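Heads up: the sequence lines are chains A and B, in that order.
Following my numbering from start to finish, the first sequence increments by one per residue and tops out at 465.
Following my numbering from start to finish, the second sequence increments by one per residue and tops out at 926.
Yeah, the Cβ is synthetic: ideal placement off N, Cα and C, and Gly gets one too.
It should be emphasised that the depicted structure is a prediction, and the values quoted were computed from it without experimental measurement.
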Amino acid sequence: MRKPNLIRKIESIVGRGNVLYNRANLLAYEYDASLHRGLPDAVAFATTTEQVSQVVKLANRERVPFLPRGSGTNLSGGTVPTRGGIIIALSRMNRILEIDLQNQRAVAEPGVFNLALQDALAPLGYFYAPDPASQKVSTIGGNVGENSGGPLCLKYGVTTNHVLGLEVVLPDGTVVQTGGKALDYPGYDLTGIIVGSEGTTGIVTKVTVRIMRSPEAVKTFLAIYDSVEDAGRTVSDIIAEGIIPATLEMMDKLVIKAVEESVHAGYPLDSEAVLIIELDGLRDGMDRLERQVGEICKRNRVRNIEVAASGEQRDKLWAGRKGAFGAVGRLYPSYMVNDGTVPRTQLPRVLKRVSEIGERYNLPIGNVFHAGDGNLHPLILFDERDKDQLEVVRKASYEILQACVDAGGTISGEHGIGLEKLQAMGLLFGPKDIGAMWKVKRAFDPTNLCNPGKVLPEMETGGAL
Amino acid sequence: MTDRKTRKWLTEIVGKAGVKEGEALRDYAVDGQVPQAVLFPGSREEVERIVALALEQGLTIVPWGGGTHMGLGAPPRRLDLVLCLTRLDRIVDQDHENMTVTAEAGVCLAAIQENLRHIGSGFFLPLDPPFGDKATLGGAIAGNSSGPRRLRYGTLRDLVLGIEVIIPEQGAEGLKTVAGGKTVKNVSGYDMSKLYIGSLGTLAIIVEATCRILPVPEDQATVIIGFPSSEQPWALARTLLESQLLPSCIEVYNSMTASMLSARGKSSAETAVEAWVAVGIEGIREAVERQIAEIENLARSQGTEQIEILRGSEEVAFWRRLGRLALEVRAKGNRSIGLKVSVPLSLTHEISAAIEEHTANENVVCYQLSHAGSGIVYAHMALDGGLYREKEEALTEVLHELRKRSEGMDGSVVVAYAPPEFKGRVDVWGDVGGMFPIMQQLKRAFDPKAILNPGRYVGGI
Chain A
1 MRKPNLIRKI ESIVGRGNVL YNRANLLAYE YDASLHRGLP DAVAFATTTE QVSQVVKLAN
61 RERVPFLPRG SGTNLSGGTV PTRGGIIIAL SRMNRILEID LQNQRAVAEP GVFNLALQDA
121 LAPLGYFYAP DPASQKVSTI GGNVGENSGG PLCLKYGVTT NHVLGLEVVL PDGTVVQTGG
181 KALDYPGYDL TGIIVGSEGT TGIVTKVTVR IMRSPEAVKT FLAIYDSVED AGRTVSDIIA
241 EGIIPATLEM MDKLVIKAVE ESVHAGYPLD SEAVLIIELD GLRDGMDRLE RQVGEICKRN
301 RVRNIEVAAS GEQRDKLWAG RKGAFGAVGR LYPSYMVNDG TVPRTQLPRV LKRVSEIGER
361 YNLPIGNVFH AGDGNLHPLI LFDERDKDQL EVVRKASYEI LQACVDAGGT ISGEHGIGLE
421 KLQAMGLLFG PKDIGAMWKV KRAFDPTNLC NPGKVLPEME TGGAL
Chain B
466 MTDRKTRKWL TEIVGKAGVK EGEALRDYAV DGQVPQAVLF PGSREEVERI VALALEQGLT
526 IVPWGGGTHM GLGAPPRRLD LVLCLTRLDR IVDQDHENMT VTAEAGVCLA AIQENLRHIG
586 SGFFLPLDPP FGDKATLGGA IAGNSSGPRR LRYGTLRDLV LGIEVIIPEQ GAEGLKTVAG
646 GKTVKNVSGY DMSKLYIGSL GTLAIIVEAT CRILPVPEDQ ATVIIGFPSS EQPWALARTL
706 LESQLLPSCI EVYNSMTASM LSARGKSSAE TAVEAWVAVG IEGIREAVER QIAEIENLAR
766 SQGTEQIEIL RGSEEVAFWR RLGRLALEVR AKGNRSIGLK VSVPLSLTHE ISAAIEEHTA
826 NENVVCYQLS HAGSGIVYAH MALDGGLYRE KEEALTEVLH ELRKRSEGMD GSVVVAYAPP
886 EFKGRVDVWG DVGGMFPIMQ QLKRAFDPKA ILNPGRYVGG I
């Protein structure tokens, strides 16, 4: 009854042809890269901040939920509209507004692909550090929502460390600025709260990021191992010797095989583990560091080390890593990526538990992960059409999260809580801790219409609204 | 008012030795307001019980660490209790293999550094705020303190991984809450640490934090260069920032600041020198050597031979003196004023020149120190009572002018310290814009009875 009316009103804001409302069209927006589903009532493609603000105000008047969406690569269900409502699609707000080298900042709309920003910066000799593996399609706005990581964050930190200012449409439709091009603005660090809040505190319409000079020298190594343990020890030893590489990435046998079949990155099929180690910085002393890393690998029985001699070779080594999820996706109908993160020294123990859990539930599990910062990505492989199996996968996944928490770690390093890990929040936090987060949510969104039902589990004491 | 009964309860919580009264209270005055009692809780549980009692009795609390940044903020609306956290001084965990340190709020930063230095081949917490030998971890977090090396290592928002706080709200589960953890990557729930960093203890009392640490670099040095004109250090800073070199800090300071440093022993009172830049370099040996050489060449190409390279204890002493600048200025005059001006990087020189001009026009001596790589200028003005009274009006005007100018640049000016009468005339924080209503909501949600630092934060929060 109300719906056609609502659609007309949205159309009057964003224009006809910029709203999807037929079931057939909406089906493409009922999912993201997680296993969750939920049909929206409408998808509105906004092109300006003003339009976003108007749609949000409309949603408030009509009391329907709304949520932002970039490319839909979310891995935890954060962009799935479980309560219906309006998806505000930001993919058409995709302009890089400013590259300000003098102030070492770039300003982008939320729909800009991460890689598009990188590609615009690289010829100028600059880069933006957060580099999620999905960077070809994931957007800056989505990265802000999830506080995305990526291989480089071992050395450079995650998205929040590089986002300095936001333009935000608050859940009541007001447009405000947080932060800016300078540093240390007075007042609570709301930029820091909004980043990683998974679109539950407002809709980001402009992002000011720090950009940095590209390093003078980069050395990329592929180290091939006959055992996962040896590769793991190499990781610890490198850090223990005071070397902080730009990245330390690891893949296990199952993933190596999948990657070779799809990307042909040159990983030997009979190896048990490969490490991608990348050093960056000034060229001075780089040779000495290279030797030192080589020694550490040898001490840990590396089978072979290849050093990328050209940019092309480096890209090839990386293509394997960045295409890993996709490659594994070719082998099995479905996978669930786990994102538990543990203190680095706990990696061997937790990896062992992951493999035990896989055996117990009879599920193949591949591992591709950010070893340097203890961020696991076990890929549990299965067929989601088999509903019984889906339940088993969820159970196994929960046990892996439990193992990470037991090891002093956390349930998500970079993929977010979304819907998928709501229940697991209780592994980590008590009602009081989650209650404090609810205080933040309510301060921003007292009516709970802004991406409701995500990140924070509803609680008896004050959680439910 | 804390009546006798309340006093008795407080004493029961912290013990007789944990309460200060009488004359000693004057040392804990905030903007001239003397508290009714100063409490030294010995555990988190004691902090919790004090906060619970304060809630019940409607008493206000000013949390206190090393007391090094108590000049920050507007005068408190009311001050009943000072809660000094220096007895929460345990380093809980030093996990060098995972490069984290967890410590209670009252631990002195210097103690953390000293401990880390002796672990393995040596580690450090990459945070170097002023008076690091006295500042506490909790205080540094509450005030979001930082120092020169933030250029390379960032600030507390980049270093704090996990936090434990006491929230002043009565509930069945107590008042303590945690967020974050021990891993660098962590998106489990909202990033609550960010909220507490720089909140000046207006939302919660910080009792513990976990921070990133790093291995002590293989080599380090500081290059100090004097220039005959005040533009030149900025030109050098710009060249460095546009290069691929990786200085850990670029500090530009004027001759007044240099004179303050030299008064403490170092010979740098060259009369022909207008302005200075100190560049810190650290990393692997070869890279340090090359950067020193390149910076020396840069300086020479700009026509100065006033170059000094500091290493070892000389270098440490230099940075310690620079870190004590505000203290020295305040020792010169008990009505001194300090400003912190932040602007986008490329405008740092312009705002620094504006500060120089305005203060010179008013005949006020200004000690300037800038983080030239971060767009931050500190202006310290030494004033005694007589001079302050004479200049009060003019300095108020100067602040307004600077604020108008920096805000036009997308920047801000914060009064870092000032006499209470000056704070009464101005807004020490400046306008925080459209987000203020959300900040108010947050304050109401976390501290519904407004017992923590009332009136001291932005917009009277």
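Q) So who's on the other strand from residue 251 of chain A, going by DSSP bridges? A) Residue mapping note: residue 251 of chain A aligns to position 251 of the first sequence, counting from 1. Residue 251 of chain A pairs with A:274, A:368.
Q. Since residue 237 of chain A meets chain B, which of its residues come closer than 7 Å, beta carbon to beta carbon?
A. For the purposes of this step, residue 237 of chain A is identified with residue 237 of the first sequence, where counting begins at 1. Result: empty, since nearest Cβ-Cβ is about 10 Å, beyond 7 Å.
Q. Quick one, are the C-beta atoms of residue 28 of chain A and residue 90 of chain A less than 8 Å apart?
A. For the purposes of this step, residue 28 of chain A is identified with residue 28 of the first sequence, where counting begins at 1. For the purposes of this step, residue 90 of chain A is identified with residue 90 of the first sequence, where counting begins at 1. No, they are not a contact pair.
Q: Note down, in chain order, every chain B residue with its Cβ under 8 Å from the Cβ of residue 177 of chain A.
A: Walking along the first sequence from the start, residue 177 of chain A turns up at place 177. Within 8 Å Cβ-Cβ: 898, 899, 900.
Q. Taking the C-alpha atoms as reference points, what is the distance between residue 122 of chain A and residue 633 of chain B?
A. As a position in the first sequence, residue 122 of chain A is number 122, starting the count at 1. As a position in the second sequence, residue 633 of chain B is number 168, starting the count at 1. Cα to Cα, residue 122 of chain A sits roughly 49 Å from residue 633 of chain B.
Q) Which one or two residues does DSSP pair with residue 193 of chain A in a beta bridge? A) Residue mapping note: residue 193 of chain A aligns to position 193 of the first sequence, counting from 1. Note: residue 193 of chain A sits in no beta bridge, so no partner.
Q: Could you work out which residues of chain B lie near residue 345 of chain A, taking near to mean beta carbons separated by less than 9 Å?
A: Mapped onto the first sequence, residue 345 of chain A falls at position 345. Here the neighbours are 560, 562, 563.
Q. Checking contacts by CB at 8 Å: is residue 911 of chain B closer than that to chain A?
A. Here residue 911 of chain B is taken as the residue at index 446 of the second sequence, counted from 1. For residue 911 of chain B, the answer is yes, since a Cβ of chain A falls inside 8 Å of its Cβ.
Q) Is it true that the region 54-64 of chain A meets the region 441-458 of chain A, where meeting means three or more beta-carbon pairs spaced less than 8 Å apart? A) yes
Q: Would you mind telling me which residues of chain B sit closer than 9 Å to residue 425 of chain A, beta carbon to beta carbon, in chain order?
A: On the first sequence, residue 425 of chain A is found 425 positions in, with the first residue counted as 1. Under the 9 Å cutoff, chain B gives 653, 654.
Q. Just reading off the beta strand (DSSP E) that residue 559 of chain B is part of, what are its end residues?
A. Within the second sequence, the letter at position 94 stands for residue 559 of chain B. That run of the beta strand (DSSP E) goes 556-560.
Q) Beta carbon of residue 79 of chain A: closer than 7 Å to some heavy atom of the ligand ZN? A) Only the bare structure without any ligand can be found here, which leaves the ligand ZN out of the picture.
(Q) Would residue 729 of chain B pass as an interface residue toward chain A - the criterion being a Cβ-Cβ separation below 8 Å? (A) Residue mapping note: residue 729 of chain B aligns to position 264 of the second sequence, counting from 1. Only weak support is given to the placement of residue 729 of chain B: the predicted model assigns it a pLDDT of 43, under 50, and the value that follows is read from those uncertain coordinates. So no, residue 729 of chain B is outside the interface.
Q. Buried or exposed: where does residue 143 of chain A fall if 16 or more other Cβ atoms within 10 Å of its Cβ makes it buried?
A. Against the first sequence, residue 143 of chain A aligns to sequence position 143. Counting Cβ neighbours within 10 Å, residue 143 of chain A comes out buried, since at least 16 surround it.
Q. What do you get for residue 730 of chain B, buried or exposed, if any count of 16 or more other CB atoms within 10 angstroms of its CB means buried?
A. Position 265 of the second sequence holds residue 730 of chain B. In this prediction, residue 730 of chain B has a pLDDT of 41, which is less than 50 and means its spatial position is unreliable; what the coordinates show is noted afterwards. So residue 730 of chain B counts as exposed.
Q: Give the residues of chain A in contact with residue 752 of chain B, contact being defined as C-beta atoms less than 9 Å apart.
A: As a working mapping, residue 752 of chain B is identified with position 287 in the second sequence. Going along chain A in sequence order, the residues near residue 752 of chain B (Cβ under 9 Å) are 281, 282, 283, 284, 285, 286.
Q) So is residue 313 of chain A in contact with chain B if we call contact Cβ pairs under 8 Å? A) Taking the first residue of the first sequence as position 1, residue 313 of chain A is located at position 313. Residue 313 of chain A does not count as touching chain B.
Q | Of the residues B:622, B:801, B:805, B:602, the one placed nearest residue 855 of chain B, counting alpha carbons only | A | Along the second sequence, read from residue 1 onward, the residue named residue 855 of chain B stands at position 390. Measuring from the Cα of residue 855 of chain B, the nearest candidate turns out to be B:801.
(Q) Less than 8 Å between the beta carbons of residue 717 of chain B and residue 672 of chain B, yes or no? (A) Locating residue 717 of chain B in the second sequence gives position 252, where the first residue counts as 1. Locating residue 672 of chain B in the second sequence gives position 207, where the first residue counts as 1. Result no, Cβ atoms of residue 717 of chain B and residue 672 of chain B do not sit closer than 8 Å.
Q) Is the region 172-192 of chain A close to the region 885-905 of chain B, with three or more CB pairs under 8 Å? A) yes
Q.
Can you tell me whether residue 578 of chain B is buried or exposed? The criterion is at least 16 other CB atoms within 10 Å of its CB, across all chains shown.
A. For the purposes of this step, residue 578 of chain B is identified with residue 113 of the second sequence, where counting begins at 1. With 16 or more Cβ atoms within 10 Å of its Cβ, residue 578 of chain B is classed as buried.
Q. In this structure, what does DSSP give as the bridge partners for residue 674 of chain B?
A. Your numbering for residue 674 of chain B matches position 209 in the second sequence. According to DSSP, residue 674 of chain B bridges with B:568, B:628.
**Q.** Proximity test, Cβ basis, 8 Å: residue 250 of chain A and chain B
**A.** Locating residue 250 of chain A in the first sequence gives position 250, counting from the first residue. Not an interface residue.
Q. Exposed or buried, what is residue 481 of chain B when buried is set at 16 or more other beta-carbons lying within 10 Å of its beta-carbon?
A. Here the question's residue 481 of chain B lines up with position 16 in the second sequence. Exposed is the call here.
Q | N-terminal and C-terminal residue of the alpha helix (DSSP H) that residue 414 of chain A is part of | A | One-based indexing of the first sequence puts residue 414 of chain A at position 414. Taken as a continuous stretch (DSSP letters only), residue 414 of chain A belongs to no alpha helix (DSSP H), as it is neither H nor E.
Q: State the beta-bridge partners of residue 126 of chain A as determined by DSSP.
A: Along the first sequence, one-based indexing puts residue 126 of chain A at 126. BP columns for residue 126 of chain A point to A:213.
Q: Specify the secondary structure class of residue 716 of chain B as computed by DSSP and reduced to three states.
A: For this step, residue 716 of chain B is matched to residue 251 along the second sequence. Strand, per DSSP.
Q: State yes or no: is the beta carbon of residue 234 of chain A nearer than 8 Å to at least one beta carbon in chain B?
A: Position 234 of the first sequence, counting from 1, holds the residue named residue 234 of chain A. False, the Cβ-Cβ gap to chain B never drops below 8 Å.
Q) According to a CB-to-CB cut-off of less than 7 Å, which residues of the region 872-896 of chain B neighbour chain A? A) 875, 876, 877, 879, 894, 895
Q) For the 8 Å Cβ check, are there 3 or more pairs between the region 749-760 of chain B and the region 673-693 of chain B? A) yes
Q: Say whether the region 355-363 of chain A touches the region 393-412 of chain A, bearing in mind that this needs 3 or more beta-carbon pairs closer than 8 Å, one atom from each stretch.
A: yes
Q: Please report how far the alpha carbon of residue 732 of chain B lies from the alpha carbon of residue 783 of chain B, in whole angstroms.
A: Stepping through the second sequence from its first residue, residue 732 of chain B is reached at position 267. Stepping through the second sequence from its first residue, residue 783 of chain B is reached at position 318. Here the model assigns residue 732 of chain B a pLDDT of 48, short of 50, so the residue's position is not dependable and the matter cannot be decided.
(Q) So residue 289 of chain A contacts chain B; which residues on that side make the cut at Cβ distance below 8 Å? (A) The residue labelled residue 289 of chain A in the question sits at position 289 within the first sequence. Chain B residues near residue 289 of chain A: 749.
Q. Whose C-beta lies closer than 7 Å to the C-beta of residue 402 of chain A among residues of the same chain, with five residues either side of it excluded?
A. Here residue 402 of chain A corresponds to residue number 402 of the first sequence, with the count starting at 1. Closer than 7 Å at Cβ, skipping near neighbours: 427.
Q) By DSSP, does residue 722 of chain B sit in helix, in strand, or in coil? A) Taking the second sequence and counting its residues from 1, one reaches residue 722 of chain B at position 257. Residue 722 of chain B: helix per DSSP, three-state reduction.
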